[in-house]
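Colleague: Have a look at the structure that comes next, please.
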Amino acid sequence: MKTLPISIALFICVWCCDSFGRDEAEPINLEIVEDFSRLPYRFSSAGCTNSWNFPINLDTSGIPGLFIVQNNWRDPGNLSSVIFRWEDRSRDNTIAQFNAPTIFIISHYPGDFDRDNIEELAITYLIGDTVWLEILKPFNADQLRILVEVGEDLDGSGSWDGTVFAFNDFDINSDGFNEIFVCVSAGFDLFPRYLACVDWKNGAVAWKYDMPPYISSDHTHIIKDPKSGRDLLLLGAGALCNGVISDNLDDCHSYLICMTLDGRLLWQKQVGGKYTHTHPELIDYNDDGTPDIVTEIYPGEDESQAKGIIVVDIEGNTLDYITLDKHLRNMQKFDI
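Per my numbering, the sequence shown starts with residue -4, numbered consecutively.
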């Protein structure tokens, strides 16, 4: 039995943002006062539901820029925005602002999609029941929008309950531009649920693969098979338990899934049952210079709490099990 060279931790993050508006019941008095804490008016929360700040490489200086996601920042109108700024104080200025006609930007994924050493930003959101992917280029003011999917309200709730995440990228057709991987999923409306590769340069979806379980979009990896030299896509997928089945997968189990970059399933490994999830990370477990995979494993079909770790090679073969004394909720890899 070996000790894993990783640290496992659970993070609970609460992001909040208030944009403030004056309480309309109170009169405005603009009289100058010496003590600013005694201003004769108060502010109450309104408008922007959240504001998230993330780093992005906007040049080759090594000093990161910043993009700010502001959901539902203007009311009424259901308008969200992304603002690009320089983060260092010597260039503390706004570069560009892009607006999206949606109440909520679901995902935001930066990457050098056109391979010019400057990152662009992919965002995903819904307008009604339509799923959109946008590529934002702050310096060119380019805003390329691609229709990914149109959902359907099958359970009669009044709207489709789907979502979409952008999570990885790779130049799969060797045209000099990285395609973007997205996952589309739904809840009680059941469909559609799939993994897709979006060729944003040509405004098309290159391929789709039905995916009943939900993809852990922040735990996906592109790895190289040392035997074949192929680049592969490794996914963790969790159980929604709505009874959706496709090919060898269903949404009542969690899996490790390995696929080719042109959308073919190589192998899947079941690691849990109902209401379970998986968050795979990569390590060189047996010190052979090739990546191996570690993730949660659950003790039984109806057990929703993980109490162990499974180690798998990139061909899906089990290398080891590690039993834990405590329940495992999430996994992150650190160099400590």
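Ideal placement from N, C-alpha and C gives every residue a C-beta, glycine not left out.
1) Applying the criterion that 16 or more other CB atoms from any shown protein chain within 10 Å of the CB defines a buried residue, is N66 buried or exposed?
2) For the beta strand (DSSP E) that contains W127, what are its first and last residues?
3) Just grab the DSSP bridge partners of G233 for me.
4) Going by other Cβ atoms of all chains shown within 10 Å of its Cβ, with 16 needed for buried, is I240 buried or exposed?
5) Going by DSSP, which residues form a beta bridge with I217?
6) Need the endpoints of the beta strand (DSSP E) that A161 sits in, please.
7) Are the CB atoms of P208 and G182 nearer to each other than 9 Å?
8) Per DSSP, what kind of secondary structure is T318 in: helix, strand or coil?
9) Out of curiosity, what's the CA-to-CA distance linking L139 and E129?
10) What is the DSSP secondary structure of N345, reduced to helix, strand or coil?
11) Using DSSP's beta-bridge definition, name the partner residues of Y204.
12) Terminal residues of the continuous beta strand (DSSP E) containing C253?
13) Please go through the region 39 to 111 and give each complete beta strand (DSSP E) segment of 3 or more residues, from N-terminal end onward.
14) Touching or not, the region 259 to 270 and the region 235 to 251, by the rule of three or more beta carbon pairs under 8 Å?
15) Within this structure, are the beta carbons of S180 and L251 separated by less than 9 Å?
16) Hey, how far is the Cα of D109 from the Cα of D213?
17) Let me know if H322 comes out buried or exposed under the rule of 16 or more other beta-carbons within 10 Å of its beta-carbon.
18) What is the DSSP secondary structure of K196, counted as helix, strand or coil?
19) Is the region 86 to 96 in contact with the region 192 to 204, if contact means three or more CB pairs nearer than 8 Å?
20) Return the CA-CA distance between N163 and G57, expressed in angstroms with no decimal places.
21) So F347 packs on L228, CB below 8 Å; how close in whole Å?
22) Using alpha carbons as the reference points, say which of L53, K328, F186, G153 lies closest to W81.
23) Check Q265 in the structure and name its three-state DSSP category.
24) Quick one: give me the first and last residue of the beta strand (DSSP E) that K341 is part of.
25) Is R188 buried or exposed, if buried means 16 or more other CB atoms sit within 10 Å of its CB?
Modeller: If we stick to the structure as given:
1) Walking along the sequence shown from the start, residue 66 turns up at place 71. Answer is buried; the Cβ neighbour count reaches 16.
2) Residue numbering aside, residue 127 sits at position 132 when the sequence shown is read from its first letter. 125 to 132 is the extent of the beta strand (DSSP E) around W127.
3) The residue labelled residue 233 in the question sits at position 238 within the sequence shown. Its beta-bridge partners are Y209.
4) Taking the sequence shown and counting its residues from 1, the one referred to as residue 240 is at position 245. Under this definition I240 is an exposed residue.
5) If you number the sequence shown from 1, residue 217 lands on position 222. L228, per the DSSP bridge assignment.
6) Residue mapping note: residue 161 aligns to position 166 of the sequence shown, counting from 1. Taken as a continuous stretch (DSSP letters only), the beta strand (DSSP E) holding A161 covers 158 to 165.
7) For the purposes of this step, residue 208 is taken as residue 213 along the sequence shown, with counting starting at 1. For the purposes of this step, residue 182 is taken as residue 187 along the sequence shown, with counting starting at 1. No, these two residues do not count as a Cβ contact at 9 Å.
8) By one-based count along the sequence shown, residue 318 stands at place 323. Note: T318 maps to strand in three-state DSSP.
9) On the sequence shown, residue 139 is found 144 positions in, with the first residue counted as 1. On the sequence shown, residue 129 is found 134 positions in, with the first residue counted as 1. Cα to Cα, L139 sits roughly 5 Å from E129.
10) A question about residue 345 goes unanswered here, because the residues of the chain that appear run from -4 up to 331.
11) For the purposes of this step, residue 204 is taken as residue 209 along the sequence shown, with counting starting at 1. Partner(s): L190.
12) For this step, residue 253 is matched to residue 258 along the sequence shown. C253 -> beta strand (DSSP E) spans 249 to 255.
13) 45 to 51, 60 to 69, 74 to 81, 89 to 95, 100 to 106
14) yes
15) Numbered from its first residue, the sequence shown carries residue 180 at position 185. Numbered from its first residue, the sequence shown carries residue 251 at position 256. Cβ distance not < 9 Å, so S180 and L251 don't count as in contact.
16) Translated into positions along the sequence shown, residue 109 becomes position 114. Translated into positions along the sequence shown, residue 213 becomes position 218. Taking the straight line joining both Cα atoms gives about 22 Å.
17) The residue you call residue 322 lines up with position 327 of the sequence shown. Label assigned to H322: exposed.
18) In the sequence shown, the residue the question calls residue 196 occupies position 201. Three-state DSSP puts K196 in a helix.
19) no
20) For the purposes of this step, residue 163 is identified with residue 168 of the sequence shown, where counting begins at 1. For the purposes of this step, residue 57 is identified with residue 62 of the sequence shown, where counting begins at 1. Between N163 and G57, the C-alpha separation is close to 22 Å.
21) Coverage of the chain is limited to positions -4 through 331, which leaves residue 347 absent and any answer about it impossible.
22) Numbered from 1 along the sequence shown, position 86 holds the residue referred to as residue 81. Closest option to W81, Cα to Cα, is L53.
23) Residue 265 sits at position 270 when you count from the first residue of the sequence shown. Reduced to three states, the DSSP call for Q265 is strand.
24) Nothing about residue 341 can be read from this structure; the chain reaches only from -4 to 331.
25) Numbered from its first residue, the sequence shown carries residue 188 at position 193. R188 comes out buried.
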